[in-house]
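Asks: Below is a structure I'd like to ask you about.
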Amino acid sequence: MEAQRKVWFITGTSSGFGKRLVAEVLSRGDYVIATARCLEKMHDVFSLPTSEARRLYLLQLDITDGMDTIQDRVDEAMSVWGRIDVVVNNAGYGVKAILEEGGAIAALTQFQANVFGAVNVTNAVLPHFRERGSGTVVFIGSRSAWRGEASPVGFYSASKAAIHTIGEAYATELRPFGIRVLIVAPGAFRTEGVHAYPITIHNHIPDYDDMRTAGMARFTSIAGREKGDPAKAMTLVVDVVRGEGRARGREWPLWLVLGRDAYADVQAKCNKLLSTMDAWEDVATDLDFDH
374 MEAQRKVWFI TGTSSGFGKR LVAEVLSRGD YVIATARCLE KMHDVFSLPT SEARRLYLLQ
434 LDITDGMDTI QDRVDEAMSV WGRIDVVVNN AGYGVKAILE EGGAIAALTQ FQANVFGAVN
494 VTNAVLPHFR ERGSGTVVFI GSRSAWRGEA SPVGFYSASK AAIHTIGEAY ATELRPFGIR
554 VLIVAPGAFR TEGVHAYPIT IHNHIPDYDD MRTAGMARFT SIAGREKGDP AKAMTLVVDV
614 VRGEGRARGR EWPLWLVLGR DAYADVQAKC NKLLSTMDAW EDVATDLDFD H
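Residues 374 to 664 (our numbering) are what the sequence shown spells out, left to right.
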C-alpha cells in the first residue's frame, strides 16, 4: 500500500452519508474499512470495479454492542492494512418522540447509538493514533443541535448537541498527540431512510395528538425534496481531511457546517442567543460579591 494513501474506518455505511463517503474515498485512491450492522445487504450497496473493490474491506459492527465487541472489531480492522488513519463516526439514527411520551427509555436508546457508540469507537482507535502521533477523528453531527425547539426530534437534537460538545473536548485532549478532530454539521440532505423511523410512544398522552401529527407531517412533506446533495457534502468532507480540492490552502476547521439551511439555522440560533444576552446583560452580569 502506498504510503500517501489513507486508511479510513467508517461506521454506518449501508446508506445515507456513509454510503456516499465510502464511494468518494475509494475514488480518491484511499482504502476503506466500511462497517454496518448487517453485511448481507452490503454487497448490493457497493458495485465497484476491481481496482476499488480491492481497497474496500467490509466489517460487521453494531455500535451499540459495547466496548469489548467494538474493540475486537477495531483490532480486526487494524490487521487488514496495518493501520487506520481516519475514523468517521457516522452510524446512528433519529428517534422521533414527544419528550414526555418517549421518556428516559427513548432518550437512552437515542444516546446509546448516537453518543455512546461514537465514544466507544473513537476510544478503541485512539491508542493506535496516540502511538503513531497522528490521526483524524470525524464526528457526523447535525444542524439539529441548534434546533432544540424542533418537535418531535428533541432527543435526536440533544444527542447531536452532545456529540458536538464531546467532539470539542476530544479536540482539546488530543491536540498534544497530533490528532485532529472534525465536527460535521449537515442540514437537510436527500438521503434514503432518513425519515423511515416511526414515532416512539411509551406513554401515549392525548394532549399531544395535534402536535405529534403536525410534527410528523412536516417530516413527511420534505422527504425526497431536500435540496442538499449528500454526494457533494461527502466530497467536501474528503477534501477537508485530505487537504485537497476546495479545502486546499485553508486552515483546518473544527466545525464544518454543511448546507444553506444549516448555515441559516446556526446563524439564527447564535443571533437569538446574542440578542437575549444583550437584553439581560445589565442584570445577568451584575452578580459578583459586594466589596
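Note that the Cβ used here is the ideal one computed from N, Cα and C, for glycine as well.
Would you say V498 and V554 are within 8 Å of each other, going by their C-beta atoms?
Replies: No, the pair does not count as a contact, with Cβ atoms beyond the cut-off.
Asks: Under 6 Å Cβ to Cβ from D441, same chain only, skipping five residues before and after it: list those, please.
Replies: Around D441: no qualifying Cβ.
Asks: Within 8 Å of any Cβ in chain C, is that where the Cβ of G508 sits?
Replies: The structure shown contains no chain C; it is built from a single protein chain.
Asks: Would a C-beta distance cut-off of 8 Å place T437 and A486 closer than the cut-off?
Replies: Their beta carbons are under 8 Å apart, which means T437 touches A486 by this criterion.
Asks: Going by CA-CA distance only, name the one from E473, E546 and P626 that's closest to T495.
Replies: Nearest C-alpha to T495: E546.
Asks: If contacts are defined as beta-carbon pairs under 8 Å, then L399 and E425 qualify, I think. What distance do you get, rounded to the angstrom?
Replies: The pair is a contact, with the Cβ atoms about 4 Å apart (cut-off 8 Å).
Asks: If N463 and T384 are in contact, beta carbons under 8 Å, what's the gap, nearest whole angstrom?
Replies: Rounded, the Cβ-Cβ distance is 5 Å, consistent with contact.
Asks: Taking only runs of the beta strand (DSSP E) that begin and end inside the stretch 582-664, which ones reach a length of at least 3 residues, in chain order?
Replies: The stretch 582-664 contains these whole beta strand (DSSP E) runs: 628-631.
Asks: On the premise that A606 lies in contact with F390, defined as a C-beta separation below 8 Å, what is that separation, rounded to the nearest angstrom?
Replies: About 7 Å; that satisfies the 8 Å criterion.
Asks: Grouping DSSP H, G and I as helix and E and B as strand, with all else coil, what is V511?
Replies: Reduced to three states, the DSSP call for V511 is strand.
Asks: Look at the alpha carbon of E599 and the alpha carbon of S452, and state the distance between them as a whole number of angstroms.
Replies: Using only the alpha carbons, I get a separation of about 40 Å.
Asks: If you reduce the DSSP assignment to three classes, tell me which class Y430 lands in.
Replies: Correct three-state label for Y430: strand.
Asks: Round the Cβ separation of G475 and T573 to the nearest angstrom and send it over; I've been treating them as touching at under 8 Å.
Replies: That belief holds up - the Cβ atoms of G475 and T573 are roughly 5 Å apart, short of 8 Å.
Asks: By Cβ distance, which residues of its chain are closer than 8 Å to R621, with the 5 residues on each side in sequence left out?
Replies: D612.
Asks: Would you mind reading off the limits of the beta strand (DSSP E) that contains T408?
Replies: From DSSP, the beta strand (DSSP E) with T408 extends over Y404 to A409.
Asks: How big is the Cα-Cα spacing for R410 and D661?
Replies: Distance between the alpha carbons of R410 and D661: 53 Å.
Asks: Can you grab the Cα-Cα spacing for the pair A587 / V468, in whole Å?
Replies: Each residue's Cα considered, the two are about 16 Å apart.
Asks: Between the stretch 615-635 and the stretch 520-535, do three or more beta carbon pairs fall short of 8 Å?
Replies: No, the stretch 615-635 is not in contact with the stretch 520-535.
Asks: Closest to E504 by CA distance: which of M650, I513, R456 and H537 is it?
Replies: Cα-wise, what sits closest to E504 is R456.
Asks: Return yes when at least one heavy atom of the ligand NAD lies under 7 Å from the C-beta of M589, else no.
Replies: Although the ligand NAD was asked about, the structure shown includes no ligands whatsoever.
Asks: In the DSSP assignment, what residue or residues form a beta bridge with I383?
Replies: DSSP lists A407 and V461 as partners of I383.
Asks: Looking at the structure shown, is Y480 part of a helix, part of a strand, or coil, going by DSSP?
Replies: In the sequence as presented, Tyr is not what sits at residue 480; that position holds Ala. DSSP places A480 in helix when its eight states are reduced to three.
Asks: In whole angstroms, what separates the C-alpha of K392 from that of G514?
Replies: When rounded, the distance between both Cα atoms is 16 Å.
Asks: Less than 8 Å between the beta carbons of F550 and P603, yes or no?
Replies: No, the Cβ-Cβ distance between F550 and P603 is not below 8 Å.
Asks: Suppose contacts are defined by Cβ-Cβ distances below 8 Å. Is A518 in contact with H501 by that definition?
Replies: No, Cβ-Cβ distance for A518 and H501 is not below 8 Å.
Asks: Evaluate A641 with the Cβ neighbour count: other Cβ atoms within 10 Å of its Cβ, from every protein chain shown; 16 or more gives buried, anything less gives exposed.
Replies: Its Cβ having fewer than 16 others within 10 Å, A641 is exposed.
Asks: Under 6 Å Cβ to Cβ from A479, same chain only, skipping five residues before and after it: list those, please.
Replies: Correct list, in chain order: V468, A470, F528 and T573.
Asks: Return the first residue and the last residue of the beta strand (DSSP E) that V557 is part of.
Replies: Unbroken beta strand (DSSP E) run through V557: I552 to P559.
Asks: Leaving out the 5 sequence neighbours to the left and right, which residues in its chain are closer than 8 Å to D458 when beta-carbon positions are compared?
Replies: Counting only Cβ-Cβ distances below 8 Å, and skipping sequence neighbours, we find K379, V380, W381, S507, G508 and T509.
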